[in-house]
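*Asks:*
Protein chains: 2
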Amino acid sequence: MEAAVTALAQMADNPGHAARLAIRSGAHSTHTAGLAPGYVQANLAIMPAADAQAFQTFCQLNPKPCPMLAIGAPGDPSLPSLGKDIDLRTDLPGYRVFRDGVEIDVNDDISGYWRDDLVSFPLGCSFSFEEALLLDDIPLRHVERNECVAMYRTNIDTTPSGKFGGKVVVSMRPMKPADAIRAIQITSRFPNVHGAPIHIGLPEDIGVTDIENPAFGGAPPRMRTDEIPVFWACGVTPQVAIEHARPSFCITHRPGHMLITDLKNSHLSVI
Amino acid sequence: MEAAVTALAQMADNPGHAARLAIRSGAHSTHTAGLAPGYVQANLAIMPAADAQAFQTFCQLNPKPCPMLAIGAPGDPSLPSLGKDIDLRTDLPGYRVFRDGVEIDVNDDISGYWRDDLVSFPLGCSFSFEEALLLDDIPLRHVERNECVAMYRTNIDTTPSGKFGGKVVVSMRPMKPADAIRAIQITSRFPNVHGAPIHIGLPEDIGVTDIENPAFGGAPPRMRTDEIPVFWACGVTPQVAIEHARPSFCITHRPGHMLITDLKNSHLSVI
Chain A
4 MEAAVTALAQ MADNPGHAAR LAIRSGAHST HTAGLAPGYV QANLAIMPAA DAQAFQTFCQ
64 LNPKPCPMLA IGAPGDPSLP SLGKDIDLRT DLPGYRVFRD GVEIDVNDDI SGYWRDDLVS
124 FPLGCSFSFE EALLLDDIPL RHVERNECVA MYRTNIDTTP SGKFGGKVVV SMRPMKPADA
184 IRAIQITSRF PNVHGAPIHI GLPEDIGVTD IENPAFGGAP PRMRTDEIPV FWACGVTPQV
244 AIEHARPSFC ITHRPGHMLI TDLKNSHLSV I
Chain B
4 MEAAVTALAQ MADNPGHAAR LAIRSGAHST HTAGLAPGYV QANLAIMPAA DAQAFQTFCQ
64 LNPKPCPMLA IGAPGDPSLP SLGKDIDLRT DLPGYRVFRD GVEIDVNDDI SGYWRDDLVS
124 FPLGCSFSFE EALLLDDIPL RHVERNECVA MYRTNIDTTP SGKFGGKVVV SMRPMKPADA
184 IRAIQITSRF PNVHGAPIHI GLPEDIGVTD IENPAFGGAP PRMRTDEIPV FWACGVTPQV
244 AIEHARPSFC ITHRPGHMLI TDLKNSHLSV I
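Residue numbers (our numbering), protein chains in the order written: chain A, 4 to 274; chain B, 4 to 274.
(1) Let's see if you can read the secondary structure: which residues bound the beta strand (DSSP E) around A/F101?
(2) Are the C-beta atoms of B/L82 and some chain A residue less than 8 Å apart?
(3) Straight-line CA distance for A/P18 to A/M50?
(4) If you draw a straight line from the alpha carbon of A/F124 to that of A/I74, how long is it in whole angstroms?
(5) With distances taken between CB atoms, is the gap from B/M175 to B/V233 smaller than 8 Å?
(6) Compute the beta-carbon to beta-carbon distance between B/H197 and B/A236, rounded to the nearest angstrom, for a pair I have assumed lies under 8 Å.
(7) Going along the chain, which residues of the region 195 to 226 of chain B sit with their C-beta nearer than 9 Å to a C-beta in chain A?
(8) How is the beta strand (DSSP E) around B/F234 delimited, first residue to last?
(9) Taking DSSP's pairing of strands, which residues face B/E106 in a bridge?
(10) Applying the criterion that 16 or more other CB atoms from any shown protein chain within 10 Å of the CB defines a buried residue, is A/S164 buried or exposed?
(11) Quick check on A/R227: buried or exposed, where buried means 16 or more other Cβ atoms within 10 Å of its Cβ?
(12) Taking all protein chains shown into account, decide if B/R225 is buried (16 or more other Cβ within 10 angstroms of its Cβ) or exposed.
(13) I'd like the ranges of any beta strand (DSSP E) spanning at least 3 consecutive residues and lying wholly in the region 142 to 170 of chain B.
(14) How far does the beta strand (DSSP E) with B/H256 in it extend, from its first residue to its last?
(15) Taking B/R257 as the reference, give the member of B/Q63, B/N268 and B/Q242 with the closest Cα.
(16) A/P180 versus chain B: which residues are under 7 Å apart at the beta carbon?
(17) Would you call B/Q63 buried or exposed, if buried means 16 or more other Cβ atoms sit within 10 Å of its Cβ?
(18) On the DSSP bridge list, what partners appear for A/R176?
(19) Contact criterion: CB-CB distance below 8 Å. Does B/D140 meet it with respect to chain A?
(20) I need the straight-line Cα distance from B/I159 to B/I113, nearest angstrom please.
(21) Cβ closer than 7 Å: which chain A residues qualify as neighbours of B/A183?
(22) Who are the near neighbours of B/A25 in its chain, counting only those whose CB is closer than 6 Å to its CB and skipping five residues on each side?
(23) Are at least three pairs of beta-carbons, each pair with one atom in the region 178 to 196 of chain B and one in the region 137 to 145 of chain B, less than 8 Å apart?
(24) Going by C-alpha distance, which of B/D88, B/L262 and B/C253 is nearest B/D120?
(25) Look up B/N46 in the DSSP assignment and say whether it is helix, strand or coil.
(26) Once DSSP output is grouped into helix, strand and coil, what is the label at B/I201?
(27) Can you tell which of B/T255, B/W117 and B/N65 has the C-alpha that lies nearest to the C-alpha of B/G78?
(28) Leaving aside the five residues before and after B/L91 along the sequence, list all residues of the same chain whose C-beta is less than 6 Å from its C-beta, in chain order.
(29) Counting C-beta neighbours from all protein chains within 10 Å, is the total for A/T162 16 or more, i.e. buried, or is it exposed?
(30) Mapping DSSP to helix, strand and coil, what is B/F124?
(31) Please classify A/N216 as buried or exposed, where buried requires at least 16 other C-beta atoms within 10 Å of its C-beta.
(32) Just checking: is the beta-carbon of B/S191 within a distance shorter than 8 Å of some beta-carbon in chain A?
(33) Determine the chain B residues that contact A/Q56 at a beta-carbon separation under 9 Å, and present them in chain order.
(34) For A/L95, which residues of its own chain have a beta-carbon under 6 Å away from its beta-carbon, when the five flanking residues on both sides are left out?
(35) Thinking C-beta only, is B/L72 closer than 8 Å to B/L38?
(36) Work out the CA separation of A/D111 and B/C69 for me, nearest whole Å.
Structure, rendered in C-alpha cells:
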C-alpha cells in the first residue's frame, strides 16, 4: 500500500521517472510509444573509448540526423542532465548489443555488458516534434494508422568522421500544403529533435525514387493528390552509420524501445 | 553649400527621410525600387470617412494580404509612427485617384484632392521580406531578371467587410526545396509584411491552373524542374477589393511607387 502510494506520487511529480522505474522493475517491457506523454524520449548509442570520440564528432558534424541531447561520462551509466537516477543499463525496455557490427544479443538489461570505457549518446527523436504537430492539429497519417513512419535512404551524404559515415536517412510525413508550412514553423523551434525539414516536394531530387516503397518503416505512406511529401532528417541515420562503421563493440536501444527522460518536450522548444 | 551638407547629413542619419525629401522636391520621380535600401516601403490606400471603417475592418480580417503598418488620423496626411515629417500628399512619386471605382487621375501630388475626412492605410509590402531572403542568399528569379514578381488570382475568399471582399491574390517565387524551407522560416519572422507563405506546391489546389501565365506581373516565372512554387498573400489583394467595392472616392499609390518609411526592414522581424 505504502509502495503504491509512493509510486503514484512519483508518477504525478515526475512521469518520466515513474516510467523508468516501471521499466527497470520489469513492470513495463514493451515499446515506449505513449509512455509518459509530454516527456522527451531519446534514441541511445553507447560506444567504447576507441570509437567514442569519432562517433561524437560524427554527431556534431551531422546535427540534424544526430542531435545529441547529452553525453555520458566514460563508464558512467547515469545521465543527470536528462533525468533523476537514470541507469542506462536497465532503464530501457530493449537493447541491441553489437560486436564487430554484428548483433550478438537483444535484451532488456545490459549490466553484464557494461564497461568502464563506455560513453553514452542519447540522441533526439521525432516523437518530440510529432507531439508538437499533433497538439497543433496537424494530422499525422502514420499515427492515425498506428504505423511506423515511412523512412527512406537518400543520396545526401553525411559529413563523415573516422569510420562513421554514409547517407542521410529521412522520415517522410505526407501533408496538405498549409499544414506543411505550419509544420516547418513548428519543427524549426525544435533543433535538438531533428528541427526543420530538410526537403519538401520533389522526392527524386534527394534520391527517393519510389515514395510508396520506404526502405524502413514498412508501410507505404499512400500519398494523396492534395498532399506533398515533407522530409525530416531521421535518427536511423546514426544506426546506419554504426552498421557501416562496425565498431568492435557497441550497444543501441532496440527500435521503439527508447530512453524516457525527465525533460518535457515543450522545454526543447527554442522559441 | 550649407543645404548640400545638411542633405548629406540627413541621408547618412535617415535614408528614408532623405528619399522622401528627394521625392517631395521632384528630384526623384520614378519607381522606388532600390531607394533607401534596408528601409520599409509601404503600399498606400486612402479612404474617405464613409468607407474607412469598413476598409480598416477588411484589413484586420485579412492580415496576411493586407498587413496594416499604421492608420492615419482622419484628415491628417502625416504618419508619425512611420517616419519624420511624412506628408502623404507629396511624398510618394506616384498616385492613382479613383472616383466610383474609376481611375480619374495619375499624378505625383494629391494636395488638390486632400480632404478633411481622408484616412490613410499604409500596408506592408513584400520588398521587406525579399530583402531578408536575399540577405540570406536565397535567389529570387524576378529580382535577378529585373522583372515584376508573378501574381495570380486564387480560389481563396477573403473575409469580406461591407462592400470590400473578393479573392486573395498571391505572389509566387519559384524555389529549390531547401530554399523554400528556409524562406518559410525567414518570412515567418515578418508577420507585418505578409509573413509566411500561404501555400506551397500544388498550384491547382488554390485555383492557379496555369503557373506560366500570371494574372498580374506579366512575365512568366519559367519554373525549373528542381523548383517548387511558393505562394505568399499579396498586397494586390486590397487593390482588387477596392476595385470591386467602388468607393465613391479613394487614392492609392501607383504600382511600384511606394511610401518610403524611416523603419528598418530588420526591425519588422518579430524574432
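From the three backbone atoms N, C-alpha and C, an ideal C-beta is built for every residue, glycine too.
*Replies:* Taking the definition as stated:
(1) Looking at the DSSP string, the run of the beta strand (DSSP E) that includes A/F101 is Y98 to R102.
(2) Closer than 8 Å: no.
(3) So the alpha carbons of these two residues sit roughly 28 Å apart.
(4) Distance between the alpha carbons of A/F124 and A/I74 is about 5 Å.
(5) Cβ distance < 8 Å, so B/M175 and B/V233 count as in contact.
(6) Contact flag correct, Cβ pair sits at about 5 Å.
(7) Residues of the region 195 to 226 of chain B with a C-beta less than 9 Å from any C-beta of chain A: A199, P200, I201, H202, I203, G204, L205, D208 and I209, listed in chain order.
(8) From DSSP, the beta strand (DSSP E) with B/F234 extends over I231 to A236.
(9) In DSSP, B/E106 forms a bridge with B/F101.
(10) Under this definition A/S164 is a buried residue.
(11) Taking all protein chains in view, the Cβ of A/R227 is surrounded by fewer than 16 other Cβ atoms within 10 Å, so the residue is classified as exposed.
(12) Burial call: exposed.
(13) Secondary structure within the region 142 to 170 of chain B: the beta strand (DSSP E) runs of 3 or more consecutive residues, fully enclosed, are 153 to 160 (chain order).
(14) In the DSSP annotation of this structure, the continuous segment of the beta strand (DSSP E) that includes B/H256 starts and ends at F252 to H256.
(15) With distances taken between Cα atoms, B/R257 lies closest to B/Q242.
(16) Within chain B, the residues near A/P180 are H202, I203, G204, L205 and D208.
(17) By the neighbour-count definition (other C-beta atoms within 10 Å, threshold 16), B/Q63 is an exposed residue.
(18) The bridge partners DSSP lists for A/R176 are A/V233.
(19) Contact with chain A is absent for B/D140, since none of that chain's Cβ atoms lies less than 8 Å from the residue's Cβ.
(20) Using only the alpha carbons, I get a separation of about 34 Å.
(21) I203, listed in chain order.
(22) Taken in chain order, the residues that qualify are H31.
(23) With a cut-off of 8 Å, the region 137 to 145 of chain B and the region 178 to 196 of chain B count as touching, because enough Cβ pairs lie within range.
(24) With distances taken between Cα atoms, B/D120 lies closest to B/C253.
(25) Strand, per DSSP.
(26) Looking at B/I201 - three-state DSSP - the assignment turns out to be coil, as it is neither helix nor strand.
(27) Considering only alpha carbons, the answer is B/W117.
(28) The answer, listed in chain order, is P80 and S123.
(29) Per the 10 Å Cβ criterion, exposed.
(30) Three-state result, B/F124: strand.
(31) So A/N216 counts as exposed.
(32) Yes, B/S191 lies at the interface with chain A (some Cβ there is under 8 Å from its Cβ).
(33) Result: empty, since nearest Cβ-Cβ is about 30 Å, beyond 9 Å.
(34) Excluding five sequence positions before and after A/L95, the CB atoms of its chain that fall closer than 6 Å to its own CB belong to H256, H260 and L262, given in chain order.
(35) Note that the C-beta distance between B/L38 and B/L72 is not below 8 Å.
(36) If you take the alpha carbons of B/C69 and A/D111, they lie about 58 Å apart.
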